[in-house]
Amino acid sequence: MDLYLFDFDKTLYAYDSRKRLPAQSRLSGVSQYHLAKSWWVPGYEVRAELGEWPSAQEYLDEFARVTGARLTLDQWCEARHAASTPNPGVVAALRRASTLGTVGLFSNNPPTFSATLSRMAPDVAAILGPNVLVSWQLGIRKPDPAAFLAAVAHYGGTPERTFFVDDSAANVAGARSAGLTAFQYRGADDLPALDAAIDEFAARGRA
């Protein structure tokens, strides 16, 4: 079985944190500066991506405790959605890959992301079905090579038959260290090369 894993932020969807913080500030009444300084700078988001608060509600409760900003899951989704816009060419590549093998998502994100993906990105969710894996579920994040091995095992694949797409050079390097075929997506100019890389990988499996 060939497995095609796609990153989400800055790959399937563009992501701009400069839009997320203003939305969270507007919805919570807490300043952008305070949100950034109290949550992101000390590393709480990374801890959430590692599964320290393993449910959406636990994440939101900790976010409120640390920042003083009480958000509902709907509000969290609204702010996150404001920062996320589709990359149609990469979504099309995901759709095409789904005709060649098993497709799955592998993203560094907290449990609130998993809980709202179908609302934030219904086009992607429709292609993936249940094949959504987020770092908080594993307790390990990209670019650690062990994260990729865990992701491949989660989907029942093998490294040598897994193709991975991500915007991060570090994540691509980590995937390659784990034995995956990996492609770095940096922007729309890379779409022809991405399509060609998928074709080459699929053809190798048929050889």
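As numbered in UniProt numbering, residues 1 to 207 make up the sequence shown, in order.
All C-beta atoms, glycine included, are put in the ideal place defined by N, C-alpha and C.
So the beta strand (DSSP E) residue 102 belongs to, where does it begin and stop? Note, residue 102: beta strand (DSSP E), 102-107.
Identify the residues that DSSP records as bridge partners of residue 85: which are they? Paired residues: 14.
On the DSSP letters alone, give me the boundaries of the beta strand (DSSP E) that residue 4 sits inside. 3-6 is the span of the beta strand (DSSP E), which, as asked, contains residue 4.
Span separating the alpha-carbon of residue 45 from that of residue 53: Their backbone Cα atoms lie some 10 Å apart in a straight line.
Between residue 6 and residue 115, is the Cβ-Cβ spacing less than 9 Å? Not closer than 9 Å, so no.
Given residue 39, which residues of its chain have a CB within under 8 Å of its CB, disregarding the five upstream and five downstream residues? Counting only Cβ-Cβ distances below 8 Å, and skipping sequence neighbours, we find 45, 63, 66 and 67.
Nearest to residue 128 by alpha carbon, out of 174, 78, 95 and 90? Here the closest residue by C-alpha is 95.
Could you tell me the distance, in whole angstroms, from the CA atom of residue 122 to the CA atom of residue 25? Straight-line spacing of the CA atoms in residue 122 and residue 25 works out to 25 Å.
Determine contact between the segment 171-180 and the segment 139-154, defined as no fewer than three beta-carbon pairs at a distance below 8 Å. Yes, the segment 171-180 is in contact with the segment 139-154.
In DSSP terms, what residue 184 is bridged to: Residue 184 pairs with 166.
C-alpha gap between residue 106 and residue 132, whole angstroms: Their Cα atoms are separated by approximately 7 Å.
Tell me the DSSP secondary structure of residue 195 in three-state form. Residue state, collapsed to three classes: helix.
Less than 9 Å separating the beta-carbons of residue 69 and residue 30? Cβ atoms of residue 69 and residue 30: closer than 9 Å.
For residue 50 and residue 187, believed in contact at Cβ under 8 Å, the rounded distance: The Cβ separation is near 29 Å, so there is no contact.
State buried or exposed for residue 41, treating a residue as buried only when at least 16 other CB atoms are found within 10 Å of its CB. Burial check for residue 41: the Cβ neighbour count within 10 Å stays below 16, so the residue is exposed.
State the start and end residues of the unbroken beta strand (DSSP E) segment that holds residue 133. Per DSSP, residue 133 belongs to the beta strand (DSSP E) from 132-134.
What residue from 9, 137, 102 and 75 has the CA that sits closest to residue 158's CA? Minimum Cα-Cα distance from residue 158 among the listed residues 9, 137, 102 and 75 corresponds to 102.
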